[in-house]
Structures are given as C-alpha cells and as structure tokens.
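In the numbering used here, the protein residues as written are 8 to 304.
Contents: one structure, followed by commentary.
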C-alpha cells in the first residue's frame with residue numbers, strides 16, 4: 008500500500024485542529040474552497056480505509072485521533088522551522104573564487120558585511136574553471152562566484168564586471184628583451200621563446216592566444232601550470248617567459264620584471280550569479296563593487 012498523500016494529511020491536520028472543515032478553511036494559511044477540502048478528506052479516508060471524523064456534529068473517530076496525534080507535531084512545527092531556516096539563510100553567504108582572490112581580497116570585502124551582520128556564516132569554495140562555477144550555481148551550492156568573465160556563458164548566468172586586469176609577461180631582471188614587439192621581431196611569425204602559462208582552457212591563455220591569432224603569430228606554451236604563483240616561480244627558475252596579469256594583490260617576486268602587452272585585451276573579473284540574490288548576497292555585491300573601485304586607484 009502506498010503512503011497517504013501529504014497534502015491530504017496537511018488538510019486533515021487543519022480540519023482536526025480547528026474542529027471541522029468550515030473553520031479549517033477560514034484558518035488555513037492559503038486559499039482553498041470548502042468543497043475541495045471535503046473531496047480531499049474523502050479521498051484520504053478511502054486511501055486509509057477508515058473513517059477519520061464525523062461531519063455533524065464534528066468529532067474525530069479513534070482512528071482520526073490517532074492520526075492527528077501522529078502528524079500534529081510535524082505540521083504545527085513547520086512555521087517555526089521555516090522561520091528558523093529563513094533566519095539562518097539570511098546570514099549565510101556561500102561564495103566560490105580562486106585561491107588568490109579568497110586569500111587576498113575576500114577578507115577585506117567581508118569586513119564591512121561582518122560589522123553589519125555579526126552572526127555571518129561563510130561557506131567558501133576554491134574554484135577557477137568557469138564550467139565548474141556554472142555547475143555550482145546550477146546546483147545552488149553557492150550564491151555567487153568571483154571569476155573571470157567569458158564571452159560565452161549559460162543564458163541563466165548573470166554577470167557583473169568588477170575589474171579589467173591587463174595581461175603581462177614576466178621575465179628575469181637580467182633578460183635583455185625590453186618589450187613584446189622585440190620578442191616577436193626576433194622570432195618571426197612563430198615565436199620560439201619558451202612560454203609558461205596556465206592551462207589552455209583558462210581565460211588568460213584564451214585571451215592571449217586569440218590576440219596572437221589576430222596578429223598572425225604563433226606562440227605555444229612549453230610549460231603549463233595550475234596557478235599564477237607557479238607561473239612566477241618557474242619564470243624565476245629560468246624556464247621561460249611567464250604569462251600572468253597585472254592585478255592588485257598579485258606581487259611580482261623580486262628578481263622578475265614586467266613586460267607590457269599593449270593592445271592585448273584585458274582579463275575581465277566579476278561576479279557570476281543565478282536568479283535573484285538574497286539580501287546578504289546583494290550587500291556583498293555592493294561591497295565588492297565599492298572595493299573594486301577602491302583598488303583600481
């Protein structure tokens with residue numbers, strides 16, 4: 008035998024609690040007509056194979072009393088539980104970003120939020136790949152992410168640009184090359200200098216390679232790494248020119264210098280979210296925009 012319809016049980020709870028169908032209809036938190044309640048009570052009785060209450064005068068049968076005693080704690084506690092969940096959710100912020108952003112910037116953005124919401128709860132996830140972030144958003148595991156903004160994202164994803172970060176090359180101080188044009192001039196259309204970069208699917212590499220194609224140049228990475236810290240480390244060790252970004256919070260290690268990539272598009276960094284943000288997430292977005300304006304200066 009299949010379990011009874013939960014909606015029918017909820018209607019019975021109101022009928023039993025308020026002493027009849029007519030008073031139950033008046034007390035229910037949502038609109039429903041009396042004939043509909045009567046019909047669904049008959050269905051519930053047929054499902055259970057017992058009579059639950061006498062209509063006139065109203066009185067619960069022994070079976071009805073037993074059922075009401077069983078379901079009352081659940082349905083009577085729902086309003087308080089809903090209020091508790093809403094209260095917890097109103098102070099819970101779930102965010103995904105790269106390790107660098109989480110370490111160097113998020114604490115400063117959160118400072119203003121924490122002053123307003125002392126009971127702030129945080130769930131922070133390290134995520135870099137846009138495909139991974141879109142999956143987290145689709146599964147409602149995060150409220151939003153701070154990530155690179157790509158040209159092609161899911162139609163359900165909303166974005167808010169925060170910063171544009173110039174792409175740069177880094178090289179040891181003793182390297183005699185002064186600019187990107189000198190690198191290209193020495194090598195022709197296929198640059199043979201070793202290049203250290205993030206994986207091919209990362210937006211930094213995508214922007215760089217797309218611009219090279221426009222300039223009819225070929226420069227493939229010889230070393231692919233998983234973080235910008237590793238780009239700097241392997242550049243310092245002499246494995247090649249490092250492709251990175253000129254960004255607040257990312258310091259070029261001693262012994263290395265920047266080579267500008269004038270004319271190359273910048274990396275766009277921003278918020279990614281889905282649907283309407285809850286109030287605490289809206290407050291964070293406003294704080295993030297204000298923080299981005301501050302560090303631009």
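Note that beta-carbon positions come from the ideal geometry of N, C-alpha and C, so glycine has one too.
- Per DSSP, the unbroken beta strand (DSSP E) holding residue 279 starts and ends at 274-281.
- The segment 51-65 and the segment 22-40 touch, with three or more beta-carbon pairs separated by less than 8 Å.
- For residue 227 and residue 141, the gap between their C-alpha atoms comes out near 28 Å.
- Across the set 232, 40, 212 and 48, the C-alpha of 48 shows the shortest separation from the C-alpha of residue 14.
- By the beta-carbon neighbour count (other beta carbons within 10 angstroms, threshold 16), residue 150 is buried.
- Rounded to whole angstroms, the separation of the alpha carbons of residue 118 and residue 41 is 53 Å.
- Where residue 261 is concerned, there is no enclosing alpha helix (DSSP H), because DSSP gives it neither an H nor an E.
- In the structure shown, residue 248 adopts extended strand secondary structure according to DSSP, grouped into three states.
- Looking at the backbone, the Cα of residue 257 and that of residue 274 are separated by about 14 Å.
- With fewer than 16 other CB atoms across the displayed protein chains lying within 10 angstroms of its CB, residue 195 is exposed.
- Burial of residue 155 is indicated by the presence of at least 16 other C-beta atoms within 10 angstroms of its C-beta.
- Our two residues, residue 35 and residue 105, have alpha carbons roughly 48 Å apart in a direct line.
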